[in-house]
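Trainee: For the sequence shown, full-length UniProt numbering gives the first residue as 1, with consecutive numbering after it.
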Amino acid sequence: MPVRGERGATLRRGRTMVRNDRMQAVTPMIKKEKRELTAWVIYSKIITFWAPGILLAKLGGLTEPGMQQAWREKIALVSLIVLVCGAVVYLTIFLTMTFCPQSVAKSQSNIFEVDDTNTVSGVVGIKGKAYNTTNANWSARLSFTPSAGQDMTPYFTVDIPTACKSSKLKDFRAVQFDVCTSDNGNGGCLLGNANDAEKNYNLKLIDGTPIGYDWSDVKPGYFVVNGHVLNMTPYLLAVGRKSSGDLLDQAIFAAANGGLIDASILFQRTSNVKAATDCLVARFGAGLLAKDTPGCFAVNLFNYIALVIIGGIVLTRFFMAVVFQYFLSWQLVRRPPRSKVRPLSYNAAAPWAGKKPQTGAAAAALGKGDDDELYTIMLVTCYSEGEDSIRGTCDSLCNTDFSDSHKLLFIVADGIIKGSGNDRSTPDICIDLIEQEDSFRDPEPCSYLAVAAGSKQHNMAKVYCGHYRVGNHRTPCMIVVKCGTPAEQDAPKPGNRGKRDSQMILMNFFSNVVHNERMVPLEYDLFRKVHFLMNVTPDLFEIVLMVDADTKVYPDSLRLLVNCMNNDQLIMGLCGETKIANKRDSWVTAIQVFEYYISHHLSKAFESVFGGVTCLPGCFCMYRIKARKGDDWVPILAKPAICQEYSQNVVETLHEKNLLLLGEDRFLTTLMLRNFPTRKMMFMPQAICKTVVPDEFKVLLSQRRRWINSTVHNLLELVLVRNLCGTFCLSMQFSIFLDLIGTVALPVAIVLTYILIVRACMTNYNSVSAYLPLAMLILVLFLPAVLIFITTRKWVYVAWMLVYLLALPIWNLVLPTYAYWHFDDFSWGETRKVQGEGKDTGHGAGGGTFDIKSVPQKRWEDYERKRRRSIKRKERERMHADDSSSYQAAMVDDSASAGLLKNSVEDSMYYESHPGYSFMGDSTVPSYSHSAGYGDQGMYDNQQAYQQQQQQQQQQPPSRQRPGGPRDYH
């Protein structure tokens, strides 16, 4: 570990990120420069031209332009989803009906093929049917012997078919043509009525089998329409040329003179021409193609390719998930060898770092714990949860088998909120759980820049610090209570700014610490108290574990996740498996069990092979604050570009609001993948947590509305990231594209599934191709059962799978349809209820204007200079009161540099004479160690007094119950 600086070093800001590869430019997803008219805005206005703004304001209650535009964009998105769903329906059902009708497809398997190579002697065709002419007695009427397979229909009189009697077809010459005219090339109809041919000429129908033609047998005057071979020779010889203005005639002559064999497309021009096709087949039909028509061939080829791609993806995901489960994940969670564990190093360019070796309690703290334990912050975001939920989460985090000296419990209470059914506010519940440090028992509210609009950008918070005791663990703990500014104390939910703002408090703090940027007062307060509790400066922290307040982690989960971070320095994000704690509470929780299981062990396990998990759930995930690179650091979660984009407080478009207001967890994952496409986002099935899921359908509906809508918008962003792992069909980008199409097509997919099941029950399985759709359906639905056996070997999950399959209409039809129609609903709905609260109106919107000067921002050394001056001033006042002569002796001139220059001998002598302060690379900067005491309160004369006080706290911990009524947070 690098040693600290010599005494006398000045407080200077160092450049910590100077290499070009540290700050690669990435196109932001949320652009600050807004264009009034984009192609998307124009499309949304065109598609909703029928709904003027006045109508939306009067009937829909959408009075604001932003609300109206969000509604228009919702309709535009729904129209695109309808187009995608329509394309899926057409490709699945109507593509075959268009290019390969069922009548044509069925006839291919029941054809008497007659061609030049295998002609059966004595077989001819009449009206497309095969007849045996071995005993025929028509020689008296015919001057020739019919050749094998010859079409004899032109020699017979054919009754006018029903298909030719429509009034729509009366203007078509070919429909009204008399085939028995003398100039038809056969001298008229010499053999009489075709219906009497079998009786009059001793012909024998061969089981009603159609005559089949090979492509090579389609001669001039013949052509194919929808798989039917038409013999138009008599008509062409009789009429000579096409009739002007007759569309059917034009199609016939174009097919005959143009050399087209398959003329199906020519007869699709108008509905009348298409209807006349059936009449032509009835009058001039000579047989069927013995081979697939081009349309049938193309359709079959498309279906086979689609089946291969879908089946390949399903099987690939399955096998790669199994490989990850058995071979890859175990290598990451094992304890790293010593060669992979790198020594701790401070930010050497930061003003609080130096070259002087650290001694005393701080040095002892650095030596505690195992070598592979990284300093970790455990972030718990609270809103309206009850005491049992918060206590259960904190107990589980503190009980993890990870050294208390290397983990810090960091709780953020999002406003002065009293949850439904709670007897106290959420901040009161949190504060009563810890043993507060006497030095910081009554903290002052500190300002910070919040993620909000207007005047709400200014927020204030109090930082409580102490220890959380459970069992043998006494874990350092900090509680940030967002209490709001004095102006909003009478408003509902003062201080509430949302979960993203709670995360940004921590992210901005570490970003400023890593880069030594200017801090707001809250961040400086956090710096002091983190150092006070942990005996190390915050720049040593590398990992943040994010957990929701209703989640309980397993004891080994934290160590397993940290092991992964140690074993692979390219990993920037991790999540474990989330199981359901209340799976048997209701049918709503029961249908979610298998859905949670399969989303982790199949989807996330497959994505982990590529290192690109697209969503780290906010209830249980871990991020790397900064990564080690040689002897220096690379900011990851603390990267300014990520903090800046994730903290956008002005979101205008529907796309931006769905990204930032509904699915902040998925959006953060998307940001990380876009900014670091070569790093890894992983899933570790060995690290497990349990969470409480909605047990009422209305709550599930509200939750999944947010999740589905945020998923669609995040996938739209990820599909544009070109440099993700893999190439073409074996790439994360292609997988994300299929996920996007599959997500928006869920409603029609479930309908088509049931149609396929009905068809499967009615299908006559006489070919291999008939089994393919059914086999694919069975593969998709029941392959996860095999995964259950391989991964968990718990057959109870098969029962949960059956429950999930029964609820497929809810998952694939009800929830997505509801979500898509509520694209413009950005509230949390029924998910988190607050006592006395009506409809959720959001937490980030605010009126008024924000004055940036209301939140001071200074560098750490400036805050330290001011604090040191205050301490010196109070010390002088005390000395003056005790002994004026001593006061004069200790008086130090307050120069412009506040005595921080390295040649300030008097200042150095002053601090050397006070054992409460040691030097952290600067002659005038206190080390904030426990042995020194901290701030204006709790200053101990020596190390022994401090240790005695700590022993008393451990033996007789103070009561966690607060006296009297609710606290005054402002």
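Idealized CB from N, CA, C, for every residue including glycine.
As the structure is a computational prediction, the values presented were derived from the model and not from experiment.
Between which two residues does the alpha helix (DSSP H) carrying E652 extend?
Mentor: That residue, E652, is in no alpha helix (DSSP H); it is neither H nor E in DSSP.
Trainee: Does the beta-carbon distance from G212 to L280 come in below 8 Å?
Mentor: No.
Trainee: How about the stretch 800-819 and the stretch 580-594: do they share at least three Cβ pairs that are nearer than 8 Å?
Mentor: At 8 Å Cβ cutoff, the stretches touch.
Trainee: On the premise that S447 lies in contact with V520, defined as a C-beta separation below 8 Å, what is that separation, rounded to the nearest angstrom?
Mentor: Correct: roughly 6 Å between the Cβ atoms.
Trainee: Between which two residues does the alpha helix (DSSP H) carrying D151 extend?
Mentor: Careful: D151 lies outside any alpha helix (DSSP H) and carries neither H nor E.
Trainee: Going by alpha carbons, who is nearest to P602 out of H531, M672, F683 and Y524?
Mentor: In the sequence as displayed, the identity of residue 602 is Leu instead of Pro. Looking at the Cα atoms, F683 is the closest of the given residues.
Trainee: Given a cut-off of 8 Å, decide if A263 and T225 are closer than it, judged by their beta-carbon atoms.
Mentor: Before going on, a small fix: residue 225 reads as Val here, not Thr. Contact: yes.
Trainee: In angstroms with no decimal places, state the Cα-to-Cα distance between G899 and M681.
Mentor: Note on G899: pLDDT 34, under 50, position unreliable in the model; no value is reported.
Trainee: On the CB-based measure, 16 or more other CB atoms within 10 Å of its CB, does Q325 come out buried or exposed?
Mentor: Under this definition Q325 is a buried residue.
Trainee: Is it right to say K168 is buried, meaning 16 or more other beta carbons lie within 10 angstroms of its own, or is it exposed?
Mentor: Exposed: under 16 other Cβ atoms inside 10 Å.
Trainee: Please report how far the alpha carbon of D567 lies from the alpha carbon of P337, in whole angstroms.
Mentor: Correcting the residue identity first, residue 567 is Asn in this sequence and not Asp. Approximately 8 Å, taken between the alpha carbons.
Trainee: Beta carbon of D414, beta carbon of C382: below 8 Å?
Mentor: The answer is yes: Cβ separation under 8 Å.
Trainee: Contact between the stretch 661-673 and the stretch 608-615: three or more CB pairs below 8 Å?
Mentor: Because the criterion of three Cβ pairs below 8 Å is met, the stretch 661-673 and the stretch 608-615 touch.
Trainee: Just to confirm the assignment: which complete alpha helix (DSSP H) runs, minimum length 4, are found wholly within the stretch 30-75?
Mentor: DSSP runs (the alpha helix (DSSP H)) wholly in the stretch 30-75: 39-47 and 53-59.
Trainee: Would you tell me roughly how many angstroms separate the C-alpha atoms of D171 and A286, rounded to the nearest one?
Mentor: If I take the Cα positions, the gap works out to 24 Å.
Trainee: Counting along the chain, where does the beta strand (DSSP E) carrying R628 start and finish?
Mentor: Its beta strand (DSSP E) spans residues K626 to K629.
Trainee: Which one of A163, I636 and T551 has the shortest CA to CA distance from I571?
Mentor: Closest by alpha carbon: I636.
Trainee: Using the beta-carbon count (16 or more within 10 Å), is P65 buried or exposed?
Mentor: It is exposed - the Cβ of P65 has fewer than 16 other Cβ atoms within 10 Å.
Trainee: Return yes when the Cβ of T691 is within less than 8 Å of the Cβ of D851, no when it is not.
Mentor: Contact flag unset, no.
Trainee: Kindly identify the DSSP beta-bridge partner or partners of N193.
Mentor: Paired residues: T157.
Trainee: Between which two residues does the beta strand (DSSP E) carrying C394 extend?
Mentor: Per DSSP, C394 belongs to no beta strand (DSSP E); it is in the alpha helix (DSSP H), E387 to C398.
Trainee: For G611 versus C725, is the C-beta spacing smaller than 8 Å?
Mentor: A contact, by the Cβ cut-off of 8 Å.
Trainee: If I measure Cβ to Cβ from L779 and keep anything under 8 Å in the same chain, skipping five residues before and after, which residues do I get?
Mentor: Once the five neighbours on either side are set aside, the close Cβ partners of L779 are G311, V314 and L315.
Trainee: Using the beta-carbon count (16 or more within 10 Å), is M546 buried or exposed?
Mentor: Buried, since its Cβ has 16 or more Cβ neighbours within 10 Å.
Trainee: What are the boundary residues of the alpha helix (DSSP H) that S511 is part of?
Mentor: Residues K499 to H515.
Trainee: Count the other CB atoms, across all protein chains shown, that sit within 10 Å of the CB of Q436; report buried if there are 16 or more and exposed otherwise.
Mentor: With 16 or more other Cβ atoms within 10 Å, it is buried.
Trainee: Just how far apart, CA to CA, sit K858 and R528?
Mentor: Those two C-alpha atoms are separated by around 15 Å.
Trainee: Hey, is the stretch 807-827 in contact with the stretch 71-78, meaning 3+ C-beta pairs nearer than 8 Å?
Mentor: The stretch 807-827 vs the stretch 71-78: in contact.
Trainee: Assuming W633 is part of the beta strand (DSSP E), what are its boundary residues?
Mentor: Segment D632 to P635, the beta strand (DSSP E) holding W633.
Trainee: For T849, I'd like the list of residues in its chain whose CB is within less than 8 Å of its CB, leaving aside the five on either flank, ordered along the chain.
Mentor: Answer for T849: G454 and S455, listed in chain order.
Trainee: Around the C-beta of G259, are 16 or more other C-beta atoms found within 10 angstroms, so that it is buried, or is it exposed?
Mentor: Classification for G259: exposed.
Trainee: Which of helix, strand or coil does DSSP assign to K698?
Mentor: Helix.
Trainee: Would A256 pass as a contact of L237 if the rule is Cβ separation under 8 Å?
Mentor: Against a cut-off of 8 Å, the Cβ pair of L237 and A256 comes out as no contact.
Trainee: Name the residue from V273, L205 and A298 whose alpha carbon lies nearest to the alpha carbon of T96.
Mentor: Checking every option, the nearest Cα to that of T96 belongs to A298.
Trainee: Consult DSSP for L433 and reduce its assignment to one of helix, strand or coil.
Mentor: Note: L433 maps to coil in three-state DSSP.
Trainee: Would the stretch 148-160 and the stretch 191-200 be scored as touching if the rule is three or more Cβ pairs under 8 Å?
Mentor: Contact between the stretch 148-160 and the stretch 191-200 is present, because at least three Cβ pairs lie under 8 Å.
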